[in-house]
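To keep things clear, I will list the structure first and then write my remarks on it.
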């Protein structure tokens with residue numbers, strides 16, 4: 010079952026009086042979905058560089074592909090386009106700010122009282138539950154704002170990739186400062202060195218709290234982080250990962266003694282809690298022995314263990330598979346393993362685990378631009394929602410009106426959450442199932458419940474979401490103005506289809522769309538052309554405005570409710 014056929018199972022019209030499916034009902038998935046990829050590999054791409062290839066690149070490396078961005082990237086070669094996306098970072102991501110109120114029950118001694126509304130809280134600790142709930146919410150809003158207003162860069166997609174890979178649940182780590190520092194650490198290393206990021210994350214207050222590392226002592230060893238360090242973060246669970254249960258227990262001993270200073274949300278090493286015995290690992294790790302060290306030097310055992318782990322070939326293979334599944338496709342065939350994953354992994358390990366060269370190899374490859382990879386992935390809820398916001402260029406209240414602005418962001422975060430992608434709160438330490446659950450992968454984003462909620466989101470955005478007398482809404486008139494020739498109904502339908510669906514429907518289908526929406530049943534193209542030109546001549550006239558508004562809203566509604574709109 011290919012992606013479109015799968016979507017059609019959700020679109021089948023219900024029988025009369027048929028009871029609504031329960032939210033738990035899942036669509037049956039088969040493993041026949043794996044496409045038969047051409048035997049393409051990482052040889053540099055030499056094919057065409059049209060709107061389709063540009064949109065494929067942008068939708069996978071960013072959120073959405075606004076028409077203006079497509080036009081800009083077409084002026085570059087594909088190698089220049091990839092270079093720009095990989096070498097541009099947000100020089101000023103700003104900071105999350107206080108847009109919440111404290112209840113009267115918050116102790117007056119709590120640090121959050123000293124933070125004025127509209128100012129950042131990231132350097133002031135708070136022990137109050139309400140304050141930290143507000144901080145985590147604004148941390149998510151700040152993060153979503155960066156996705157919406159991203160520069161021409163892969164950085165925000167890499168932020169989401171790493172936040173899924175090194176998964177923590179913000180709602181379970183108590184402090185907003187932990188959440189902020191976690192994201193800041195990821196941003197610092199997002200396009201840098203995987204090994205350095207792994208060490209930094211290992212010592213983050215967020216991870217020490219989430220996986221109980223702060224409670225791991227020589228007298229009460231806790232295996233949580235040691236297990237996930239191998240199983241989820243570095244080596245994976247594939248056939249090439251032959252570490253043992255004893256290795257997990259031994260890793261836990263290496264990791265004893267790390268604690269959190271809540272006042273600064275940083276770690277410290279307590280040598281009195283550290284296991285100073287020698288730690289011997291299995292033959293998978295060449296029977297490596299990490300010599301126990303007393304005193305402050307015991308903290309160096311983590312470096313020794315990471316050196317040992319990163320010597321294994323499976324680390325590079327595992328991470329490259331994770332990158333491939335996030336950016337290209339879920340199922341990895343034997344051909345893909347041999348022709349794409351293996352050369353990526355070889356480069357990754359020989360390059361001392363620098364991430365950017367591996368991404369460069371993948372995104373400039375013939376395989377990435379293979380026609381069978383294009384439009385073959387179901388959008389995540391964040392790709393769906395943020396991409397829509399960016400492609401329609403939805404206008405928000407001014408950011409200076411911070412409280413209302415963050416309420417709009419909160420509405421979008423909530424909608425992504427009920428569609429099964431709660432930003433900052435994946436379901437567990439494994440992350441979101443779409444990036445690891447074999448064989449369904451990205452198809453897990455859609456079931457009878459989440460699909461309906463996507464349609465409901467569309468309805469809300471068509472009508473407009475209002476909060477505190479401010480509204481965000483899809484603006485189809487401005488979208489039409491941004492197209493190549495909006496007075497020509499054929500060109501306008503073609504452009505809407507191309508930029509919103511990243512495909513071209515058949516001429517017959519486009520003609521039917523044109524007739525039922527822009528022409529409202531008429532047969533003459535001039536019917537729309539006249540209406541559009543009358544509107545341009547007198548945009549303030551309610552009659553001319555309504556003539557185009559109704560027809561464009563019908564066109565927009567049609568486009569965003571077809572199955573292709575869920576694909577990228």
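Numbering (the numbering used here), first residue to last: 10 to 577.
Cβ atoms here follow ideal geometry from the backbone N, Cα and C, with glycine treated the same way.
Just so you know, these numbers come straight off a predicted model, no measurement behind them.
Contact set for residue i: own chain, Cβ-Cβ below 8 Å, skip 5 residues either direction
i, result
"residue 538", "496, 497, 498"
"residue 301", "284, 285, 286, 287, 288, 307, 310"
"residue 304", "280"
"residue 73", "67, 392, 395, 396, 397, 398, 399, 400"
"residue 432", "149, 152, 153, 391, 422, 425, 426"
"residue 244", "250, 252, 318, 321, 323, 324, 327"
Option in the options with minimal Cα separation from residue i
i, options, result
"residue 477", "511, 336, 527, 405", "405"
"residue 500", "482, 520, 379", "520"
"residue 274", "245, 234, 191", "191"
"residue 613", "129, 356, 367, 242", "With the chain represented from 10 up to 577, any question about residue 613 goes unanswered, as that position is not in the structure."
"residue 295", "215, 320, 371, 303", "320"
"residue 252", "266, 526, 322, 483", "322"
"residue 462", "349, 393, 341, 222", "393"
"residue 90", "58, 154, 412", "58"
"residue 147", "299, 93, 106, 125", "106"
"residue 484", "564, 256, 204, 365", "564"
"residue 104", "145, 560, 326", "145"
"residue 98", "119, 49, 201, 316", "201"
"residue 121", "60, 250, 410, 272", "272"
"residue 52", "88, 65, 60, 81", "88"
"residue 312", "421, 457, 263, 226", "263"
"residue 82", "249, 125, 102, 160", "160"
"residue 171", "528, 209, 276", "209"
"residue 566", "239, 526, 436", "526"
"residue 374", "352, 415, 385", "352"
Distance between residue j and residue i (C-alpha atoms, nearest Å)
i, j, result
"residue 135", "residue 470", "36 Å"
"residue 219", "residue 168", "19 Å"
"residue 232", "residue 142", "29 Å"
"residue 570", "residue 490", "21 Å"
"residue 173", "residue 558", "41 Å"
"residue 96", "residue 199", "11 Å"
"residue 381", "residue 68", "15 Å"
"residue 258", "residue 235", "7 Å"
"residue 216", "residue 207", "11 Å"
"residue 109", "residue 184", "15 Å"
"residue 34", "residue 224", "In this prediction, residue 34 scores a pLDDT of 34, lower than 50, which makes its location untrustworthy; the coordinate-derived value is nonetheless stated afterwards. Approximately 40 Å, taken between the alpha carbons."
"residue 116", "residue 137", "8 Å"
"residue 388", "residue 63", "17 Å"
"residue 111", "residue 180", "18 Å"
"residue 43", "residue 162", "The predicted model places residue 43 with a pLDDT of 48, which falls under 50 and marks its position as unreliable; any figure quoted below should be read in that light. Roughly 30 Å between the two C-alpha positions."
"residue 55", "residue 93", "18 Å"
"residue 509", "residue 338", "21 Å"
"residue 247", "residue 85", "39 Å"
"residue 475", "residue 413", "10 Å"
"residue 211", "residue 178", "15 Å"
"residue 362", "residue 205", "9 Å"
"residue 553", "residue 560", "11 Å"
"residue 575", "residue 102", "29 Å"
"residue 518", "residue 188", "48 Å"
"residue 530", "residue 524", "5 Å"
"residue 194", "residue 132", "15 Å"
Cut-off 7 Å between Cβ atoms - residues of its own chain near residue i, not counting five sequence neighbours on either side
i, result
"residue 157", "395, 398, 399"
"residue 40", "Residue confidence for residue 40 is low, a pLDDT of 42 falling below 50, so the modelled location carries little weight; the figure read from the coordinates is stated next. Excluding residues within five positions, the ones whose Cβ falls inside 7 Å are 448."
"residue 442", "453"
"residue 513", "506, 507"
"residue 366", "356, 360"
Beta-carbon contacts of residue i that lie in its chain and below 6 Å, excluding the five residues immediately before and after
i, result
"residue 438", "176, 237"
"residue 556", "540"
"residue 482", "473"
"residue 391", "425, 430"
"residue 325", "354, 357, 358"
"residue 580", "Past the edges of the chain, shown from 10 to 577, lies residue 580, and the structure says nothing about it."
Any C-beta of chain B under 7 Å from that of residue i
i, result
"residue 348", "The structure shown contains no chain B; it holds only a single protein chain."
Stretch pair the region 417 to 431 + the region 463 to 480: three plus CB contacts closer than 8 Å: yes
Contiguous beta strand (DSSP E) assignments of at least 3 residues, all confined to the region 269 to 307: Taken in chain order, the complete beta strand (DSSP E) segments of 3 or more residues contained in the region 269 to 307 are 275 to 278.
Inside the region 390 to 430 only - alpha helix (DSSP H) runs reaching at least 4 residues: Complete alpha helix (DSSP H) runs here, min 4: 390 to 401, 411 to 427.
Whole runs of the alpha helix (DSSP H) within the region 196 to 271, excluding any shorter than 4 residues: 203 to 211, 214 to 219, 233 to 237, 254 to 263
Inter-stretch contact (C-beta, 8 Å, three-pair minimum) for the region 277 to 287 and the region 330 to 339: No contact exists between the region 277 to 287 and the region 330 to 339.
Inter-stretch contact at 8 Å, needing at least 3 Cβ pairs: the region 370 to 381 / the region 348 to 360: The region 370 to 381, when compared against the region 348 to 360, does touch it at the 8 Å Cβ threshold.
Unbroken stretches of the beta strand (DSSP E), 3 residues or longer, contained in the region 476 to 542: 479 to 481
The region 345 to 352 / the region 73 to 86 touching (three or more Cβ pairs under 8 Å): no
Whole alpha helix (DSSP H) elements within the region 334 to 373, 4-residue minimum: 351 to 359, 364 to 372
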